[in-house]
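2 protein chains.
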Amino acid sequence: MKTRDKILLASLELFNERGERNVTTNHIAAHLAISPGNLYYHFRNKSDIIYEIFLEYEKLVDFYLDIPEDRSLTLEDLTFYLESVFDGLWSYRFFHRDLEYLLDSDNRLRRDYRDFTNRCLGSIRLIFEKMAEAGIIEPQPVDLRTAMSLNVWLVITNWMAFLKTAHAAEDSNNLTLTELKQGIYQVLTLEIPYLTPAYREQVMALREQYRPSLPA
Amino acid sequence: MKTRDKILLASLELFNERGERNVTTNHIAAHLAISPGNLYYHFRNKSDIIYEIFLEYEKLVDFYLDIPEDRSLTLEDLTFYLESVFDGLWSYRFFHRDLEYLLDSDNRLRRDYRDFTNRCLGSIRLIFEKMAEAGIIEPQPVDLRTAMSLNVWLVITNWMAFLKTAHAAEDSNNLTLTELKQGIYQVLTLEIPYLTPAYREQVMALREQYRPSLPA
DNA sequence: GACTCACTAGAGTATATACTCTAATAATAG
DNA sequence: CTATTATTAGAGTATATACTCTAGTGAGTC
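Chains as they are written, first to last, in the UniProt record's numbering: chain A, 1 to 216; chain B, 1 to 216.
What follows is the structure in C-alpha cells.
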C-alpha cells in the first residue's frame, strides 16, 4: 500500500480510537514507523489529512443514500439505509466528535460539510416521501416532513455522542457497533405515529430488533 | 467581585465565544489582567475551572426542571420549561461543544454529567406524564414515553451544534439566542402526533411562534 | 553510468501550553 | 503594632505540537 494511503488509514484509526484532539501528526508518523518529514511530504498539514478522510466519508454516505427514483421503496430498503448510515457513522466516528472545531479550522471543510448535511436531509425527506408512496407511512404536509427529517438527522448524528457521554461507565471507548445501532430503535420511534395499519406491525417488529438490551 | 468568581465568569465568556479548546489559562489570566500565578492560586488546573462552571450549569437546569408534583401542568409550564432549558444551553453553550473531550479528561465530571443526564431524562419523562394527565397529549405506554423522552433530549442538546455546523455561512459565531430557540419548534414537532384534539390548535400555535424565519 | 524524481529519514525549530516557584503585598486577627 | 494568612505578580519551565530543512536513497530511464 502507498504511504499516502497508509497515513490516511492510520489517521482514521487513531482518530477514532483516541479522538482527533489527542492524536498529533507525530503520533501518526510514529504509529506507522515513518518520519514526520515523510508525513509532511504527503500532506501539507493535519487539516489536509482530515479533509481527505472527510471526502471518503462523504463518498461512502452519498453512495448509500443514493435513492433510486424509478422504483418504490420497501422495508428492506429502509433497513438498508439505516444500517448503512450507522455503519458509516461508526467507521468515521471521530468526525462528529470534534465537528465544530474541525469546521472552524478549515473553511473548505465547513462549506463541504454544510452541503453534505443538506444532501443528507434531502435524502431523508425523499425517503419519507417514498415511504408514504409505498403506503408504509401516512403522507404528511411538506413542512412537517421537513421538520421530521431534521429530527431524524439530529437523532442519527448525535446518538453516538449520547452513548459515549451518558452511558459508558469510566471511559467512552468500549462502545460497540451493536450499541450504536440501537440508534435505529430511536429513529424508528420517531416514525411510529405515522405508520399505516398495513405496515405497523412489521415496522414495530423491525424496531424491536434494535431495542437496547439494558434500559438506562 | 472576588477574583475567583471573576475567573469563572471570564472563563465561561471566553469558552462560549471561542470554544474551550481555543482558550488557555494564560488567555483567561490575560483577559482579566491578572497573572497566571494568581489564576493557579484559585484553581488547581483548567479542569477544575470547567468543573466549577458545570456545577453552576447543573444547578441552573436542576432548578428549572424541578417539576412540581402537587399540581397539574399547563401549557405555560411547558413553555417555561422549554424556554428555560434553551436559555441554559445558551449561557453554557461551550459545554456541549467539547463534551466528549471534557468528560474524557475528568472522571468526576463524567460521573456527574451522567447523573445529570439521567435526571434530565427523568424530568422530561415526568413532563410527558403530566402532559398526559393534563389532557394535552394522549397517554402512551412507558416504553414509548422513555424512547420519546430520549429523542427530545437528543434534539434539545444537539440543536445548537446543528445550527453551528449546517447553518452558518463562514463562521459559527454569529448565532443568536432567537435562532437557538427555534429548537423549540423541532421539539414540539416530536409531540404533534400525540396531541389531544382539545389542545392541538393551541400547541400548534405555540410551535408556530418558533418557526425558523428562513427555511434551510 | 549519469540523471531524474518520487519518496524518506531524522534532526531541528518556533511557538504554545499548562503549570510552578519565589517573592512581595494587602487584609485581617490578636 | 505584629503576626499570620490570603492574595497577587511575574518570571520561568518542562513538555508538546505542528511543521521545516537538508541530506539523502533507490528505482527507473536514456
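Glycine included, each C-beta is placed from N, C-alpha and C at the ideal position.
Just so you know, these numbers come straight off a predicted model, no measurement behind them.
Same chain, Cβ closer than 8 Å to residue i, neighbours up to 5 away in sequence not counted
i, result
"Leu190(B)", "Met148, Asn151, Val152, Val155"
"Cys120(A)", "Val61, Leu65, Trp153"
"Asp104(A)", "Arg110"
"Asp106(A)", "Ser47, Ile50, Tyr51"
"Thr157(A)", "Leu89, His96"
Spatial distance of residue i from residue j (CA atoms)
i, j, result
"Phe128(B)", "Ile137(B)", "8 Å"
"Phe86(B)", "Leu180(B)", "7 Å"
"Glu20(B)", "Tyr57(B)", "15 Å"
"Leu102(B)", "Arg18(A)", "13 Å"
"Gly122(A)", "Ala33(B)", "50 Å"
"Lys2(A)", "Leu9(A)", "11 Å"
"Leu195(A)", "Ile192(B)", "14 Å"
"Leu12(B)", "Arg108(B)", "19 Å"
"Asn174(A)", "Pro197(B)", "46 Å"
"Ser84(B)", "Thr74(A)", "42 Å"
"Ile67(A)", "Glu76(A)", "13 Å"
"Ser91(A)", "Phe63(A)", "15 Å"
"Phe80(B)", "Ile53(A)", "43 Å"
"His27(A)", "Asp98(B)", "22 Å"
"His167(A)", "Leu188(A)", "20 Å"
"Ile7(B)", "Lys59(B)", "19 Å"
"Tyr41(A)", "Ala29(A)", "12 Å"
"residue 235(A)", "Leu78(A)", "Since the first residue of chain A shown is 1 and the last is 216, residue 235(A) is not available in this structure."
"Phe116(B)", "Gln186(A)", "21 Å"
"Ala205(A)", "Pro139(A)", "22 Å"
"Leu163(A)", "Asp112(B)", "15 Å"
"Ala216(A)", "Arg114(B)", "Note that Ala216(A) scores 46 on pLDDT, short of 50, meaning its location in the model is unreliable; the coordinates nonetheless yield the value given after this. Using only the alpha carbons, I get a separation of about 11 Å."
"Pro141(A)", "Asn118(B)", "35 Å"
"Arg207(B)", "Glu100(B)", "31 Å"
"Leu55(B)", "Leu55(A)", "39 Å"
Residue(s) in a DSSP beta bridge with residue i
i, result
"Ile137(B)", "Leu195(B)"
Neighbour flag for residue i against chain B, beta carbons, 7 Å
i, result
"Asn174(A)", "no"
"Ala29(A)", "no"
"Ala132(A)", "no"
"Lys164(A)", "yes"
"Asn16(A)", "no"
"Asn45(A)", "no"
"Thr117(A)", "yes"
"Asp209(A)", "Reading the sequence as shown, one finds Gln at residue 209(A) and not Asp. It does not: the Cβ of Gln209(A) has no partner Cβ on chain B nearer than 7 Å."
"Pro141(A)", "no"
"Glu13(A)", "no"
"Leu73(A)", "no"
Own chain residues within Cβ distance below 7 Å of residue i, not counting five before or after
i, result
"Thr25(B)", "Pro36, Leu39, Lys46"
"Ser72(B)", "Lys130, Glu133, Ala134"
"Arg125(B)", "Arg145, Thr146, Ser149"
"Arg93(B)", "Asn16, Met160"
"Gln202(B)", "Leu75"
"Leu14(A)", "Val23, His27, Ile28, His31"
Any C-beta of chain A under 7 Å from that of residue i
i, result
"Arg125(B)", "no"
"Val155(B)", "yes"
"Leu65(B)", "no"
"Tyr199(B)", "no"
"Pro193(B)", "yes"
"Gln202(B)", "no"
"Arg114(B)", "yes"
"Thr189(B)", "yes"
"Gln182(B)", "no"
"Tyr51(B)", "no"
"Ala205(B)", "no"
"Arg97(B)", "yes"
"Glu76(B)", "no"
"Glu100(B)", "yes"
"Arg21(B)", "yes"
Beta-carbon proximity list for residue i, same chain, < 6 Å, skipping 5 on both sides
i, result
"Leu82(A)", "Ile184"
"Phe43(A)", "Ile49"
"Leu177(B)", "Trp90"
"Tyr199(B)", "Ile136"
"Gln182(A)", "Tyr210, Pro212"
"Arg4(B)", "His42"
For this session: Could you pull out every unbroken alpha helix (DSSP H) segment of at least 4 residues lying fully inside the stretch 14-76 of chain A, listed in chain order?
Result: 25-32, 36-42, 46-64
For this session: Note down, one range per segment and in chain order, each alpha helix (DSSP H) of at least 4 residues found wholly within the stretch 92-146 of chain B.
Result: 93-97, 99-105, 107-133
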